[in-house]
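What follows is one structure encoded as structure tokens, with my remarks underneath.
Residue numbers (UniProt numbering): 1 to 918.
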């Protein structure tokens with residue numbers, strides 16, 4: 001569903017002219033087709049084989065259309081759908097909204113209605129995949145009368161519009177904000193462009209507010225957001241720290257505008273030197289400290305003014321309970337003007353280590369300090385500017401080796417030293433995301449759209465194939481087979497030709513897919529989404545960030561940088577498409593719906609289901625149930641999760657962040673029908689019935705709330721569809737037979753829980769609390785298929801009692817999916833710090849995962865710390881025979897061949913043994 005393969009609403013008649021429909025014969029009707037309906041253009045056909053821009057011919061148009069049609073071959077697999085909304089504002093002139101990406105979850109129809117209602121947009125013709133239409137540059141195209149700007153100091157409502165769009169997409173449709181990225185184009189930077197990228201829906205978006213802080217070097221701070229508490233806290237901060245005074249009369253441009261004291265924003269010299277980076281880290285550190293649970297999602301730096309000398313920085317924060325919590329931010333700014341700036345706290349003397357690396361690897365030098373001159377950053381070095389993509393990749397590798405992870409990055413150009421296009425790159429890192437020494441694989445991609453003809457730029461009705469367009473690639477870490485897959489993708493779908501690899505490891509491809517019409521209209525957004533789809537859906541990588549750089553006269557030459565990271569196997573995001581199937585009221589005769597249900601349409605049987613955000617009393621009852629059923633007992637099913645602050649193998653508590661309750665009439669009917677067959681008899685009491693009185697008071701005899709660990713998006717999908725017995729055991733096996741597996745202890749369910757990965761609300765896991773008909777259970781102690789025996793005994797369920805057998809947990813197995821009604825999706829985080837949990841939960845762990853290295857002490861075998869075990873596994877896999885490692889105050893040498901541990905200080909030698917690997 002690339003450019004215009006989505007089923008968006010039909011265009012309505014519009015009085016607003018579409019500025020790009022060709023009038024000179026390019027994008028003309030199709031050439032003759034073969035008998036099969038496939039065009040004569042072959043897969044190897046190129047649009048252009050020269051480095052010069054040219055007007056698109058009929059044959060080239062047909063080839064380009066055919067490529068877009070063929071891209072639909074890749075759309076049969078969706079893990080993380082993406083959508084890009086591009087806002088292009090030009091005060092006093094036509095402004096536009098473009099949408100590109102897959103039409104999943106009915107997002108195009110929802111956006112269509114919202115754009116018309118909120119912004120008075122009118123849908124325009126975007127073209128489609130038929131050869132006799134203009135080649136589409138996006139999937140949906142609208143006029144945008146909402147945009148406003150004032151020539152006074154770069155004031156516009158782009159930030160406000162961005163956040164209103166974010167509120168709709170996230171809080172109403174539950175899509176996840178990925179990136180806000182933009183810049184200014186036009187001869188004086190008068191045209192504002194903003195790319196807002198969203199990715200797969202996540203349930204926490206329904207309750208997670210966002211807020212944007214915009215720092216503007218002309219002396220203003222603008223705050224945009226609908227969370228009154230966050231806006232008020234930020235306003236008070238800027239009043240106290242920036243000497244801000246609230247400015248009235250700016251309501252059309254932001255939610256709160258403050259004029260700062262004259263000494264807050266500082267600029268000097270001809271090299272573009274300023275203190276915006278320093279202020280950025282101060283604000284980021286302050287936000288995570290004074291707004292608990294909030295973190296930085298995206299950052300967008302830009303320049304404005306006739307000479308591009310003024311700076312603005314957009315920072316978007318979200319309440320997402322990020323696992324890094326109050327961890328500090330460190331911003332590295334690479335400037336082609338000849339220096340590197342580092343802003344942020346010197347965590348553990350990291351500034352010195354970084355400076356030493358810069359001097360050794362890049363021959364950087366500490367510049368001479370001018371007496372009396374105030375520094376605008378925490379550390380500054382001079383450098384001979386390098387390729388920005390190569391430098392960014394090298395920095396990412398260095399920081400990862402030291403346990404820091406890239407969070408966001410941004411790039412742009414400034415006027416400096418008399419040059420119009422001096423590049424700047426900002427990269428923001430935070431510590432504690434990964435173990436030191438681990439370099440997660442990254443791929444940096446650079447899409448360069450190429451240069452156009454001045455004559456053709458002046459003809460907005462003509463499509464031109466840009467010259468010298470290319471894609472460059474640089475890997476970080478071991479990227480495996482991904483590079484070969486990307487090369488095939490570029491060749492097969494983008495007309496790519498390998499141009500070789502330079503001495504810095506950058507691989508280049510000449511391509512011919514980038515097109516433009518007029519000065520600002522281009523298809524970069526369309527191909528950005530296509531590359532994201534391929535990297536995520538086909539190759540399983542995570543999207544980290546993208547940022548655009550506008551080059552050349554008026555910023556008409558575009559360069560998009562994309563960064564992807566591979567952070568392990570990921571569960572697919574299930575697609576649950578809306579259904580309009582009507583309910584049959586007669587089927588509900590004698591089946592009353594629960595009295596605590598709230599949705600009036602569901603209660604009136606006018607719709608199938610509704611998703612409710614739990615009230616605080618329900619959340620509290622769930623937390624009580626979680627606390628009562630959490631046991632620090634390890635089993636082989638628990639996977640070690642790296643934590644920077646502790647080496648604990650298991651959390652002390654599962655902290656409920658939020659919960660959602662499903663009111664699903666169909667699932668309730670199925671459950672009630674199965675329950676009517678329950679004959680009573682033995683009632684099994686579960687551990688979940690010992691706490692959470694509010695929830696337990698809703699149950700009938702033979703029922704219990706039981707837990708199922710999963711990831712948040714899958715949890716929400718299962719709430720809509722219920723469990724499908726055909727999927728039983730696909731993820732975790734079937735120890736006691738074929739069925740749906742639930743647990744009475746959330747610590748058991750937590751073994752199977754994951755976050756959605758890909759940077760989407762990291763560290764937030766999900767458990768489904770299911771209303772379950774336990775009834776008369778069939779109890780077994782040992783593994784094996786117990787289903788036939790349970791059915792023969794007329795039992796309702798199976799209990800695999802591993803608690804009685806080996807001291808771990810009881811598992812509950814259901815072989816009739818009607819007996820399990822998923823009711824709550826509980827979003828939670830793992831708490832590994834004992835001081836943050838109630839005293840009664842500060843217990844030691846029992847059992848073992850069998851995945852750790854162990855050392856033989858006087859009292860028996862004991863696990864080495866999990867992070868040490870991780871290093872030993874890595875050393876073993878790499879064929880090393882020895883590993884030197886500090887544990888606390890002591891240094892140990894592990895001999896992997898002799899299986900011994902030597903304490904260097906005492907000379908004591910102990911036996912060690914490797915994990916019991918599955």
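Cβ coordinates follow ideal geometry from the N, Cα and C atoms, glycine included. In this text the structure is predicted, and so the values were computed from the model without any measurement.
Pair within 8 Å by beta-carbon distance, residue i and residue j
i: residue 845; j: residue 654; result: no
i: residue 424; j: residue 411; result: yes
i: residue 621; j: residue 695; result: yes
i: residue 244; j: residue 542; result: no
i: residue 160; j: residue 170; result: no
i: residue 451; j: residue 53; result: yes
i: residue 737; j: residue 796; result: no
i: residue 413; j: residue 549; result: yes
i: residue 273; j: residue 217; result: no
i: residue 669; j: residue 817; result: no
i: residue 498; j: residue 514; result: no
i: residue 554; j: residue 519; result: yes
i: residue 623; j: residue 657; result: no
i: residue 742; j: residue 707; result: yes
i: residue 192; j: residue 163; result: no
CA-to-CA distance, residue j to residue i, given in whole angstroms
i: residue 770; j: residue 864; result: 37 Å
i: residue 401; j: residue 480; result: 19 Å
i: residue 739; j: residue 341; result: 58 Å
i: residue 842; j: residue 551; result: 58 Å
i: residue 207; j: residue 661; result: 13 Å
i: residue 880; j: residue 613; result: 52 Å
i: residue 799; j: residue 787; result: 11 Å
i: residue 42; j: residue 512; result: Because the pLDDT of residue 42 is 34, which lies under 50, any placement of that residue in the model is unreliable, and the question is left without a value.
i: residue 269; j: residue 275; result: 12 Å
i: residue 600; j: residue 546; result: 43 Å
i: residue 232; j: residue 144; result: 30 Å
i: residue 466; j: residue 211; result: 38 Å
i: residue 409; j: residue 154; result: 23 Å
i: residue 130; j: residue 535; result: 27 Å
i: residue 604; j: residue 120; result: 34 Å
i: residue 352; j: residue 398; result: 14 Å
i: residue 442; j: residue 209; result: 30 Å
i: residue 533; j: residue 699; result: 45 Å
i: residue 713; j: residue 114; result: 24 Å
Residues bridged to residue i [DSSP beta-bridge criterion]
i: residue 350; result: According to DSSP, which records beta bridges pairwise, residue 350 is partnered with nothing at all.
i: residue 826; result: 659 and 767
i: residue 365; result: 382
i: residue 96; result: 88 and 143
i: residue 197; result: 84 and 179
i: residue 313; result: 215 and 301
i: residue 257; result: 222
i: residue 247; result: Paired residue(s): none; residue 247 is not in a bridge.
i: residue 639; result: DSSP, once it has assigned bridges, lists no residue as partnering residue 639.
i: residue 428; result: 331 and 408
i: residue 900; result: 895 and 911
Cβ neighbours of residue i in the same chain (closer than 6 Å, five flanking residues each side left out)
i: residue 851; result: 915
i: residue 891; result: 904
i: residue 631; result: 745 and 747
i: residue 293; result: 319 and 321
Same chain, Cβ closer than 7 Å to residue i, neighbours up to 5 away in sequence not counted
i: residue 762; result: 322, 323 and 755
i: residue 651; result: 830, 831 and 832
i: residue 808; result: 633, 635, 802 and 847
i: residue 823; result: 661, 662, 769, 770 and 771
Sequence-distant residues of the same chain with beta carbon closer than 8 Å to residue i, five excluded per side
i: residue 791; result: 815
i: residue 608; result: 579, 581, 583, 602, 664, 665 and 666
Check: Is the region 250 to 267 touching the region 285 to 298, taking contact as three or more C-beta pairs under 8 Å?
Finding: At 8 Å Cβ cutoff, the stretches do not touch.
Notebook entry, point to check: Is it a yes or a no for the region 551 to 564 touching the region 131 to 141, going by three-plus beta-carbon pairs under 8 Å?
Noted result: The region 551 to 564 makes no contact with the region 131 to 141: fewer than 3 CB pairs, one atom from each, lie closer than 8 Å.
Next item on the list: Specify whether the region 683 to 694 and the region 866 to 876 touch according to this definition: at least 3 beta carbon pairs, one from each stretch, less than 8 Å apart.
Entry: They do not touch, by the three-pair rule.
Note to self: For the structure I just gave you, are there three or more beta carbon pairs, one from the region 383 to 395 and one from the region 499 to 507, closer than 8 Å?
What the structure shows: Short answer: they touch.
Notebook entry, point to check: Pairing CB atoms from the region 276 to 291 with CB atoms from the region 189 to 203, are three or more of them under 8 Å?
Noted result: No: the two stretches stay apart, fewer than three of their Cβ pairs being nearer than 8 Å.
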